[in-house]
Amino acid sequence: FPKIPRRVSGYNLPELLPENGFHVARALVGSEGTCALVLGAKVRLVHSPPCRSLLVLGYRDVYESADHIPEVMEARPTGCEGIDETLVEEMKAKGIHPEDVALLPEGKGWLLVEFGGETQEESDAKARALMARLRGKCSMKLFDDKQREEQLWKVRESGLGATARTAQGVENWEGWEDSAVPPENLGKYLRELRKLYDKYRYDGALYGHFGQGCVHTRINFDLRDAGGIRKFRNFLHEAARMVVSLGGSISGEHGDGQSKAELLPIMYGEDLIHAFEEFKSIWDPDWKMNPGKKVRPFRADENLRIGTGYRPPDLPTVFNYADDDYSFAKATVRCVGIGECRKEENGTMCPSYMVTREEMHSTRGRAHLLFEMLQGSPLDEGWRSGAVKEALDLCLACKGCKAECPVNVDMATYKAEFLAHHYKGRLRPRAAYAMGLIHWSARMASRMPRLANLLGPLLKPLAGIAPQRPLPKFATRTFRAWFEQRPRVNAGGERVILWADTFNNFFHPEICKAAVEVLEDAGFEVIVQAEKLCCGRPLYDYGMLNLARVKLRQILTDLRDEIAKGTPVIGLEPSCVSVFRDELHGLFPHDADAQRLQRQTFLLSEFLVDRRWKPPPLDRKAIVHGHCHHKAVLGWKKEVELLKQVLPDHEVIDSGCCGMAGSFGYEADKYDVSMQVGERRLLPKVREASDDTLIVADGFSCHGQIETAERKALHVAQVLQMAIREKRAEPRESRIATRRLRMRRALKVAALAGVVAFAVSRI
104 FPKIPRRVSG
114 YNLPELLPEN
124 GFHVARALVG
134 SEGTCALVLG
144 AKVRLVHSPP
154 CRSLLVLGYR
164 DVYESADHIP
174 EVMEARPTGC
184 EGIDETLVEE
194 MKAKGIHPED
204 VALLPEGKGW
214 LLVEFGGETQ
224 EESDAKARAL
234 MARLRGKCSM
244 KLFDDKQREE
254 QLWKVRESGL
264 GATARTAQGV
274 ENWEGWEDSA
284 VPPENLGKYL
294 RELRKLYDKY
304 RYDGALYGHF
314 GQGCVHTRIN
324 FDLRDAGGIR
334 KFRNFLHEAA
344 RMVVSLGGSI
354 SGEHGDGQSK
364 AELLPIMYGE
374 DLIHAFEEFK
384 SIWDPDWKMN
394 PGKKVRPFRA
404 DENLRIGTGY
414 RPPDLPTVFN
424 YADDDYSFAK
434 ATVRCVGIGE
444 CRKEENGTMC
454 PSYMVTREEM
464 HSTRGRAHLL
474 FEMLQGSPLD
484 EGWRSGAVKE
494 ALDLCLACKG
504 CKAECPVNVD
514 MATYKAEFLA
524 HHYKGRLRPR
534 AAYAMGLIHW
544 SARMASRMPR
554 LANLLGPLLK
564 PLAGIAPQRP
574 LPKFATRTFR
584 AWFEQRPRVN
594 AGGERVILWA
604 DTFNNFFHPE
614 ICKAAVEVLE
624 DAGFEVIVQA
634 EKLCCGRPLY
644 DYGMLNLARV
654 KLRQILTDLR
664 DEIAKGTPVI
674 GLEPSCVSVF
684 RDELHGLFPH
694 DADAQRLQRQ
704 TFLLSEFLVD
714 RRWKPPPLDR
724 KAIVHGHCHH
734 KAVLGWKKEV
744 ELLKQVLPDH
754 EVIDSGCCGM
764 AGSFGYEADK
774 YDVSMQVGER
784 RLLPKVREAS
794 DDTLIVADGF
804 SCHGQIETAE
814 RKALHVAQVL
824 QMAIREKRAE
834 PRESRIATRR
844 LRMRRALKVA
854 ALAGVVAFAV
864 SRI
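Numbers 104 to 866, taken from the working numbering, label the letters of the sequence shown in order.
Structure (structure tokens):
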């Protein structure tokens, strides 16, 4: 058994030796379900220092960085991770965290060395001591503020997402993804591994837990061709012999599973393999627990998910899947099973899983079902599959997976695609017509808003809407009606199109009005698109993609002249703006006008930050909730930047998805899940906020969910409007105070003059 920091290959038989206390629990660690089912475990906690410092070291290449691991580890850091140039170049090519990559010091191989302490001074001192020892050997940057440290860790954490599929579309696979050697042999191992890559004409990034000698890599194995699969297996055996020769382990973290179990005899020899078999037989005499793994394993080239028999049908689709070689089948293979979507706390992905804790309601579970549907086994109903429909039913289409999944699985798009085919030639649920066609029904209802508001609750059962869910009220006067009757402002200034979306135009016109006031204060002339134009956002939730295409084509036709002029389109509803930045490209990938509109569409906050407009500060406390599409598709940083200026005293809460997700929270059969999602983080935070704390949220559906906590949320446009109006009021109040002061002085002078005159008359 190699004595290295990282080894999870085989069974931990040394833990059963008398000198190790015959520790049965530790012997079972890493047994991968082949011996026992663990129902509970008692674990030992390690102290986590409250203060951290991150020292980033840049070297000429990844091999030189690995050579310095022993010297670095003598400084006793809390962690030491390595990344190579290939990973960083892939991040640059894909535009992954460009601001974070820019923080790296000069070099082509890097070590991220973290120190900890009870105080920041203690932590920094440890880092600076290592810097002094390494002076002249590498480039260095020290970070001791939490935000910068998190930015650098994002570079390391992006390893899988950046390398699983290259910017050129080459698929890289696991199979040799977590080997480990003694840290003092790491430099030699990486050089030998690179030679092996060259021999087999393979490539792959090299990164991982270098401080413990563990290397992560995904390699461009050809697993669809018989010759490529033979080559893959030969590589594994040669790599195993190499890592063992250096005193290492074929697995340092993920375990043996099937892909590496047949290599265990190379690492341990026949005697220990027989001991492994005896160990398993004690626990599992009938050999029913996870067969084919660890001992008497399947071959590495058996049961391949992608193999010589992989021939998915070339199905026609509505979306183009340009990033997946125009193949829906290839899109469903993006998921590599990491399970980041099975988070239970932070982030947005995956809200349905966070509530149900069911694999079928995770992004991974849904992706695998779609893969099996296309394979025709075990799901053989194609687009009409009830199992896939059931799994997708609770997908909130939040797009959290598009941003947070390491390989950017876009389940919202896959769901819309599936529903488009699933309901082809069939009636959809009632809610699909009530909510999906909201633009048309809202236009009619706006002619008699009071009657519509009166009848709305009575029509809930017919529309499939939850009786507990209040309906939004139609405004007595739409934004467009108000806008058309006001005078032109800033004529001759730069024109912008304010996208008066269905929700804000018909239900919350005050938000559009606030945006007009802000844009005009910034010097722009505001125009509004024709009433008939709608991005069609609700249509995607129900797979009404043909109608969605018609709506987008109408927009491209009607706005062609303004688009050609480069007129910016300013949106207020994040989900509507995301249509122009995301779905538009998926439906019209080669349309020049679509590409221009995609580039020229901004959220209000993005546009104002880009134009360097400075809002006046507002002396109010606030908590801020980010819309899912805002965070996942559009980018959240610029809104936060703007809020820092206008609301210095604000907190951006990690509230995840609000649970409404457009029409999702209105549907009767989804109401409970919707509320459970909201109650996980957002609604408790809203209730905790004091009455004078502003609740800031840009999404229309987010506002509806927040109202269930008996609070009203403000759009960022309304916050900016408040700040502008307060600033305007200050000079007026100042002028009034000045006039009053002058009057008091004049009265004093007059009184004094009167006294003097009286005194003179007496002389």
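Backbone N, C-alpha and C define an ideal beta-carbon position, used for all residues, glycine too.
As the structure is a prediction and not an experimental result, all values here were calculated from the model.
- Note on geometry: alpha-carbon atoms of Trp-486 and Gly-689 lie some 20 Å from one another.
- Between Gly-314 and Arg-110, the C-beta gap is not smaller than 9 Å, which leaves the two residues out of contact.
- Residues of the same chain with a CB within less than 8 Å of the CB of Ala-232, apart from the 5 flanking positions on each side, are Ala-178 in chain order.
- Nearest to Phe-246 by C-alpha distance, out of Glu-221, Val-284, Asp-203, Ala-270, is Asp-203.
- For Phe-705, the enclosing beta strand (DSSP E) stretches over residues 704-706.
- Lys-717 and Gly-729 have their C-alpha atoms some 21 Å from each other.
- Rounded to the nearest whole angstrom, the CA to CA distance from Lys-446 to Cys-453 is 7 Å.
- Linking Lys-396 to Leu-750 through their CA atoms gives a straight-line distance of about 57 Å.
- With respect to the 9 Å criterion, Val-819 and Ser-708 are classified as neighbours on the basis of their beta carbons.
- Gly-372 sits in a helix when the DSSP states are folded into three classes.
- Around the beta-carbon of Gly-781, 16 or more other beta-carbon atoms lie within 10 Å, marking it buried.
- Nearest neighbour of Lys-145 by Cα position, chosen from Ser-156, His-126, Gly-161, turns out to be His-126.
- The three-state secondary structure of Arg-268, taken from DSSP, is strand.
- In the three-state scheme derived from DSSP, where H, G and I count as helix and E and B as strand, Trp-716 is classed as coil.
- For the options Ala-500, Met-647, Phe-627, the alpha carbon positioned closest to that of His-525 is the one of Met-647.
- Short of 6 Å from the beta carbon of Glu-122, and not among the five residues preceding or following it, lies no beta carbon of its own chain.
- Beta-bridge pairing by DSSP links His-728 to Ala-800.
- Within a 10 Å sphere around the beta-carbon of Gln-632 sit 16 or more other beta-carbons, which makes this residue buried.
- Separation of Arg-783 and Cys-761 (C-alpha to C-alpha, rounded to the nearest whole angstrom) is 9 Å.
- Taken atom to atom, the span from the alpha-carbon of Thr-181 to that of Gly-198 is near 30 Å.
- Ranked by Cα distance from His-806, the options Asp-496, Thr-796, Arg-828, Gly-765 are led by Gly-765.
- Just so you know, the alpha carbons of Pro-153 and Gly-220 end up roughly 7 Å apart.
- Under DSSP, Lys-244 takes part in a beta bridge, and its partners are Val-159.
- By the beta-carbon neighbour count (other beta carbons within 10 angstroms, threshold 16), Leu-522 is buried.
- Excluding the 5 residues flanking it on each side, Arg-294 has same chain C-beta neighbours closer than 7 Å at Tyr-166, in chain order.
- When Pro-481, His-312, Gly-307, Gly-278 are compared, the shortest CA-CA separation from Pro-285 is found for His-312.
- Between the C-alpha atoms of Gly-559 and Leu-574 there is a straight-line separation of about 7 Å.
- Per DSSP, the beta-bridge partners of Gly-674 are Trp-602, Leu-706.
- Listed in chain order, the beta strand (DSSP E) runs fully inside the region 134-208 are 154-162, 182-187, counting runs of at least 3 residues.
- Annotation: the continuous alpha helix (DSSP H) that includes Trp-256 extends over 249-260.
- Judged by DSSP in its simplified three-state form, Ser-544 adopts helix.
- Glu-217 is bridged by DSSP to Leu-157, Gly-182.
- Contact between Ser-168 and Tyr-162 holds, since their C-beta atoms are separated by about 4 Å, short of 8 Å.
- The beta carbon of Ala-378 sits closer than 7 Å to those of Leu-116, all from its chain and outside the five residues before and after it, given in chain order.
- Contact between Glu-770 and Ala-534 holds: their C-beta atoms lie close to 5 Å from each other, under 8 Å.
- If only complete runs of 3 or more residues are kept, the region 404-491 shows no beta strand (DSSP E) anywhere.
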